[in-house]
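Everything below concerns the one structure shown next.
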Amino acid sequence: MANDTAAEPKLGTYICTGCGLGDALDIEALEKIANGDPKSSTCKTNAFLCSDEGVKVIRDDIDGEGVNRVVIAACSGRVNQDVFAFGDDVVLDRVNLREQVAWCHTPNDEETDALAQDYLRMGLVKNSKSSIPESSVTQEVYDTLLVIGAGATGMQAAIEAAKAGHKVVLVEKEAELGGYLRTLHRQLPQRQPYAELSEPDLARKEGEVKAQPNIEVMTSSEVVKISGQPGLFTALVKRDGDEVAMQVGSVVLATGASSYDAAKLDHLGFGASPNVVSSDTFEAMAKSGKIVRPSDGRPATSVAFVLCAGSRDPDHLPYCSSSCCATSLKQAAYVREADPVNGRAFVFYRDMRTPGHQEYFYKAMQEDEGVFLTKGNVTEVKPVGANQVSVTAEETLLGGPITVEVDLVVLATGIVPSTLENDILALEYRQGAALPDLKYGFPDSHFICFPYETRRTGIFAAGTVRAPMDIANAYIDGGGAAMKAIQAIEYARTGIAALPRAMDPTYPDFGLDRCTACKRCTEECPFGTLNEDEKGFPQLNINRCRRCGICMGACPERVINFQNYSIDGTSSQIRAIDIPSEDSGKLRFLAFMCENDAYPAIDMAGVKRLQYDVQVRFVPVRCLGAINQVWIADSLSGGFDGVMLLGCKHGDNYQCHMIRGSELAVERLGKIQETLDRLGLEAERVQYIEFPISEYQRFPEIVKGFVKHINKIGPNPFKGF
Amino acid sequence: MATATSDALPILVIGGGIAGLTAANEAAEAGHRVIIVEKEAYLGGRAIRLGKYFPKLCPPYCGFEINLRRIKQNPDVTVHTLAEVTKISGGPGDYTVSMRQEPRYVNQRCTACGECVEVCPEDRGDDFNYGLTKTKAIYLPHDMAFPMKFAVDMAACQGSSCSKCVEKCQYDAIDLAQQAQDKELKVGAIIVATGWRPYDASRMDNLGFGTHPNIVNNVTFERMAAESGPTAGKILRPSDGKLPKRVVFVHCAGSRDENHLQFCSSICCMASLKEGLLLKEQYPDAEVTDFYIDIRTPGRYEDFFTTAKEAGIELIKGKVAKIEPSTDGQYLVVTAEDAVSGKKVHRVADIVVLATGMQPSLLGDPLAGSLEHDEDGFVMTPLSDAGIFPVGCARAPVDVTTSTRDATAAALHSIHQLVARS
Chain V
1 MANDTAAEPK LGTYICTGCG LGDALDIEAL EKIANGDPKS STCKTNAFLC SDEGVKVIRD
61 DIDGEGVNRV VIAACSGRVN QDVFAFGDDV VLDRVNLREQ VAWCHTPNDE ETDALAQDYL
121 RMGLVKNSKS SIPESSVTQE VYDTLLVIGA GATGMQAAIE AAKAGHKVVL VEKEAELGGY
181 LRTLHRQLPQ RQPYAELSEP DLARKEGEVK AQPNIEVMTS SEVVKISGQP GLFTALVKRD
241 GDEVAMQVGS VVLATGASSY DAAKLDHLGF GASPNVVSSD TFEAMAKSGK IVRPSDGRPA
301 TSVAFVLCAG SRDPDHLPYC SSSCCATSLK QAAYVREADP VNGRAFVFYR DMRTPGHQEY
361 FYKAMQEDEG VFLTKGNVTE VKPVGANQVS VTAEETLLGG PITVEVDLVV LATGIVPSTL
421 ENDILALEYR QGAALPDLKY GFPDSHFICF PYETRRTGIF AAGTVRAPMD IANAYIDGGG
481 AAMKAIQAIE YARTGIAALP RAMDPTYPDF GLDRCTACKR CTEECPFGTL NEDEKGFPQL
541 NINRCRRCGI CMGACPERVI NFQNYSIDGT SSQIRAIDIP SEDSGKLRFL AFMCENDAYP
601 AIDMAGVKRL QYDVQVRFVP VRCLGAINQV WIADSLSGGF DGVMLLGCKH GDNYQCHMIR
661 GSELAVERLG KIQETLDRLG LEAERVQYIE FPISEYQRFP EIVKGFVKHI NKIGPNPFKG
721 F
Chain W
722 MATATSDALP ILVIGGGIAG LTAANEAAEA GHRVIIVEKE AYLGGRAIRL GKYFPKLCPP
782 YCGFEINLRR IKQNPDVTVH TLAEVTKISG GPGDYTVSMR QEPRYVNQRC TACGECVEVC
842 PEDRGDDFNY GLTKTKAIYL PHDMAFPMKF AVDMAACQGS SCSKCVEKCQ YDAIDLAQQA
902 QDKELKVGAI IVATGWRPYD ASRMDNLGFG THPNIVNNVT FERMAAESGP TAGKILRPSD
962 GKLPKRVVFV HCAGSRDENH LQFCSSICCM ASLKEGLLLK EQYPDAEVTD FYIDIRTPGR
1022 YEDFFTTAKE AGIELIKGKV AKIEPSTDGQ YLVVTAEDAV SGKKVHRVAD IVVLATGMQP
1082 SLLGDPLAGS LEHDEDGFVM TPLSDAGIFP VGCARAPVDV TTSTRDATAA ALHSIHQLVA
1142 RS
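Protein chains in written order, with our numbering: chain V, 1 to 721; chain W, 722 to 1143.
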């Protein structure tokens, strides 16, 4: 999909001699290369290219001479982006002669010059193989957000999106809005001094939703199907037996959580006495104004709260449900409020978890003489007579086991995400109907820095469906998800990528005439971008795509390519590297590196002036998962002695922002190594090396180890063929 | 590209740490103009100085690389470093903000070639590494600094009487006569992302902070464990560089304390467990003991707590009474009361790490006069429609991922102000 209407390519190459480049490198030799093939229409050197004067040289050539392709051989492309910015009509490539050549290798050395010359040739070839992408936007996008679930999170998301001028459809399965908020008697204090409980937010939030003309509320409704892509989703919602189709731009999943089934907690006395209840039941009692013993309906003056009822328990919920500590303290306050004279609350906790400002509320409750708090493992809850229940706990702070007899025991049951048993979204996606979960059924993000980096572009989970949290955090999360959902529509409108390649306008093009429907791309895309037609051919949903190129890496027919990032483009770069003859004694290694982690790491090695083996040639890739096997095959048949894949961590704590990139690279590497074996080449010539961004000080050692290993094996026998 | 189309006033983000950067990027990528005002010479705040993030033990540089790339490529984001907001006037949709920008003494022509460093005769404590190392008076804030420009610490520089760097610089990038500048900004909404500082542990006499080099606070320990740090991540005993065999972590050093910070700083339990695990990764046989009040590892963080227990970290519920050097001065002795057994316990340590709490940076800052804040210095979230929104640790003690959610939501709140008035 090259831009056919574009002007005749006219290349300008600009070589900077500042920052020591001129002193360290043979600049004339570089100029000669720029005037070779592909030939620059102009090649200029400048002693200070990033200065206003230097940039003007380039700018003048663009404006006056019609230069529309620019190769800058100077510093890393990670600096001076704002300086070397020539607009969307110029194909720009940066050749890193500073951080990755002059700053980390011996000056005025034949091998250092060879490295610089290889990089310039690679940059020129890459530039000549790239084109300006045509816009991927083909139709008007839908501005409406679909918010599923109208609890605290969903209502907040809807209100916030509506206030920003977007239409919202708010779908709620119950007959009324509110979710968990509707069940509350009181809410935790939200402002200093954090001591007084407040009225529930329900009425206020409900009022805000209803006052918003931009919000269409659909109660007693459920989503039965979502198809399409960001900006262009079609959702089918079932209400009163009718299915309503609607067109929406993005989706917020805010269906919340349910309480863990107290019936599974017989070890904590549930079922043994009617006076053992869940915290939900107790909340309802308080709301109705009747804190009583279910056994005889008499007021429950003494109440024991057993925390972590199900939570933090490998046999039940291994995670902490986060809000139960504060909720139990709040409910202890109900006991005191109901009977300020005789009311007694006993709270048994494992660790009291009241982070941040909640500590003030905890402190206020500690100061209440009718509230008894102790750490302890509750070992037994059993009925005493018809109307009392005893609770025994060990490892308490009172020096040994204690037992209390109370009117009522409240089990602080944990929470279970609503997506655990029901996908809710009903996505018409080849990779499944649900938003993939992370652990324990929570469809959470794996990323600390980018918590809305979702695996289904344009669909954002928020609130307790995503992770256990309290109401205050649910509001924040609802607002954040609304922001991202609005952005997703904005990206679709302008045809650019979402994180991590934010604002990238390029996208893969599928040469379907040569596709064999092998389905590798449709299976391996970490973002579920591709559907399949009835014959199994991939159907691209461009707005779901995150532009990582994992499909390009997967394709055995090599029919998937980007406008500025392609199989041929990279193969050509590899071929542009000069391989010295075997008798020269010089080896050559190729290192594919993740552009987000390994590339900046190696730049930083340069900033620190760390010196390492000059025989390595780097090829940055958007993700290790984008490495097509043909590149590795080409490099070995072309005489490279070894190939490194420098990527980020995979496994449980994976760091790959493309989710599965480095994992897939390793998986595919296994297959390549089998092929090498068959060819009689040592499998260990190609190695995956985990190289996080922070470990740049270790880089010289890493290269040294690899080179040593290859030296032991000897040069590539295919050299020179 | 989604560049700003509206002629609405820009959004001001005060503070360029993880919360501020996130808020700026999210608002800018939704098509709004943003100005970031950052006090330090570089973006990244406290988080960029951490060794690893919990619970994945991944390096902060990884996410910052993406966030900084977003900033660098977005013409709608303007960054002022070494700058502080001193006063805010006006109201939602139309604020006038006074900003003071301290001189960097290095201008835009700096290429970061580093030749100046070679001729600089003066040293200064490297604040990026919390003083564990030194840099020259002219310095690059850190290896991945943005802006990738040097700066001069005038407190350490001899000034124009020396000028060796000025003579050496081929690019006329150094100007030792630069003056502070006062500017006025017109903005429509304000995100306060001023972050936090570690509570001054020397205010707790019994913990001995400042009396012995092997008693360190948690932020310093993060640099000791950071691969980008002075020892490339190898944790060593500060006094003599020996390998630590026994390390004690003191939780709630200042937090949840009547006499210090009354709130819980939220992150210290996870941070201490993480730091213990980093130590165990390097020295599996090292003895690690944590003294805590409650272990607060909410949600899925509970798995991390389990990992720490499985790694053999000893956990004692109890308050530390004192930390003193052993009689031969070789070690530290930590005395505490085990709250469950009621007995006094002692632990010998090569390093004691104090999990000092988070104090809002705003406390004592002139900007506090322009903002509604509580007694602790946290900026209050507006109750109704307003134009100033606190995020991250300016609002409450929170971890990195909560800060970024918070910042994302605040970006939208700011946009409401612009939308309402367009």
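Ideal placement from N, C-alpha and C gives every residue a C-beta, glycine not left out. All figures in this text were calculated on a predicted structure; none of them were measured in a lab.
For a quick check, are the C-beta atoms of residue i and residue j less than 8 Å apart?
| i | j | result |
| --- | --- | --- |
| Val410 of chain V | Ser279 of chain V | yes |
| Gly256 of chain V | Val465 of chain V | yes |
| Asn68 of chain V | Lys32 of chain V | no |
| Gly1078 of chain W | Tyr892 of chain W | no |
| Arg821 of chain W | Ala833 of chain W | no |
| His1094 of chain W | Ala164 of chain V | no |
| Val1144 of chain W | Tyr1022 of chain W | Past the boundaries of the shown model lies residue 1144 of chain W; chain W is included only from 722 to 1143, so the question cannot be answered. |
| Ala152 of chain V | Ala485 of chain V | no |
| Ala1132 of chain W | Gly916 of chain W | no |
| Glu359 of chain V | Phe984 of chain W | yes |
| Phe775 of chain W | Phe1025 of chain W | yes |
| Asn935 of chain W | Val1073 of chain W | yes |
| Ile732 of chain V | Arg588 of chain V | Absent from the structure is residue 732 of chain V, since the part of chain V shown begins at 1 and ends at 721. |
Exposed or buried, residue i, counting other C-beta atoms within 10 Å across all chains shown (16 or more means buried)?
| i | result |
| --- | --- |
| Asp689 of chain W | No statement about residue 689 of chain W is possible, as the shown extent of chain W runs from 722 to 1143 and does not include it. |
| Ala175 of chain V | exposed |
| Gly271 of chain V | exposed |
| Ser810 of chain W | exposed |
| Ala2 of chain V | At Ala2 of chain V, the pLDDT of 42 sits below 50, so the modelled position is not reliable and the matter cannot be decided from this model. |
| Thr724 of chain W | Here the model assigns Thr724 of chain W a pLDDT of 47, short of 50, so the residue's position is not dependable, and the following value carries that caveat. Looking at its Cβ environment, which holds fewer than 16 other Cβ atoms inside 10 Å, Thr724 of chain W is exposed. |
| Gln902 of chain W | exposed |
| Asp4 of chain V | Because the pLDDT of Asp4 of chain V is 45, which lies under 50, any placement of that residue in the model is unreliable, and the question is left without a value. |
| Thr1048 of chain W | exposed |
| Asp242 of chain V | exposed |
| Glu160 of chain V | buried |
| Gln156 of chain V | buried |
| Val384 of chain V | exposed |
| Gln697 of chain V | buried |
| Ser288 of chain V | exposed |
| Gln746 of chain V | Missing from the structure shown is residue 746 of chain V; chain V here goes from 1 to 721 and no further. |
| Arg204 of chain V | exposed |
Can you tell me the Cβ-Cβ gap for residue i and residue j, rounded? I've got them flagged as a contact below 8 Å.
| i | j | result |
| --- | --- | --- |
| Cys648 of chain V | Pro620 of chain V | In fact, because the Cβ distance is near 14 Å, the residues do not count as touching under 8 Å. |
| Ala102 of chain V | Ile15 of chain V | 12 Å between Cβ atoms; not a contact. |
| Glu759 of chain W | Ser819 of chain W | The pair is not a contact, with the Cβ atoms about 16 Å apart (cut-off 8 Å). |
| Leu188 of chain V | Ala304 of chain V | Not a contact, Cβ separation roughly 21 Å. |
Would you call the region 145-155 of chain V and the region 112-127 of chain V touching, i.e. three or more CB-CB distances under 8 Å?
Not touching, per the Cβ criterion.
Residues of the region 343-376 of chain V with Cβ closer than 9 Å to any Cβ of chain W, in chain order
Answer set for the region 343-376 of chain V: Tyr349, Arg350, Asp351, Met352, Arg353, Thr354, Pro355, Gly356, His357, Gln358, Glu359, Tyr360, Tyr362, Lys363, Lys375.
Interface residues of the region 878-898 of chain W facing chain V [CB-CB below 8 Å]:
Within the region 878-898 of chain W, the residues whose Cβ lies closer than 8 Å to any Cβ of chain V are, in chain order, Gln891, Tyr892.
Using a Cβ-Cβ cut-off of less than 7 Å, give me the residues of the region 300-321 of chain V that come near chain W, in sequence order.
If you check each beta-carbon in the region 300-321 of chain V against every beta-carbon of chain W, the ones closer than 7 Å belong to Arg312, Pro318, Tyr319, Cys320.
Inter-stretch contact (C-beta, 8 Å, three-pair minimum) for the region 617-632 of chain V and the region 650-666 of chain V
With the rule of 3 Cβ pairs closer than 8 Å, the region 617-632 of chain V counts as touching the region 650-666 of chain V.
Please confirm if the region 634-652 of chain V is in contact with the region 593-613 of chain V, defined as three or more CB-CB distances below 8 Å between the two stretches.
Below 8 Å, enough C-beta pairs join the region 634-652 of chain V and the region 593-613 of chain V to call them touching: three or more.
Under 8 Å: do the region 633-640 of chain V and the region 759-772 of chain W share three or more Cβ pairs, one atom per stretch?
Result no; under three Cβ-Cβ pairs closer than 8 Å.
With contact counted as at least three CB pairs below 8 Å, one residue from each stretch, are the region 331-349 of chain V and the region 987-1003 of chain W in contact?
In short, these stretches do not touch, since the Cβ pair count stays below three.
The region 537-545 of chain V contacting the region 501-520 of chain V, beta-carbon criterion three pairs below 8 Å
Under the 8 Å Cβ criterion, the region 537-545 of chain V counts as touching the region 501-520 of chain V, having at least three qualifying pairs.
Using a Cβ-Cβ cut-off of less than 9 Å, list which residues of the region 430-456 of chain V approach chain W; keep chain order.
Flagged, chain order: Leu438, Lys439, Tyr440, Phe442, Asp444, Ser445, His446, Phe447, Ile448, Cys449, Phe450, Pro451, Tyr452.
Across the region 793-808 of chain W and the region 834-854 of chain W, are there enough close Cβ pairs to call them in contact, namely three or more that are closer than 8 Å?
Taking a cut-off of 8 Å for Cβ pairs, the region 793-808 of chain W and the region 834-854 of chain W do not touch, as fewer than three such pairs fall below it.
Would the region 215-224 of chain V and the region 484-503 of chain V be scored as touching if the rule is three or more Cβ pairs under 8 Å?
Touching, no.
Between the region 746-758 of chain W and chain V, which residues of the former have CB atoms less than 9 Å from a CB of the latter, in chain order?
For the region 746-758 of chain W, the set of residues with a beta-carbon nearer than 9 Å to any beta-carbon of chain V comprises Asn746, Glu747, Ala748, Glu750, Ala751, Gly752, in chain order.
Any C-beta of chain W within less than 8 Å: which residues of the region 211-224 of chain V qualify?
Answer in chain order: no residues at all.
Would you check if the region 541-554 of chain V and the region 450-462 of chain V touch, i.e. whether three or more CB-CB distances between them fall below 8 Å?
The region 450-462 of chain V vs the region 541-554 of chain V: in contact.
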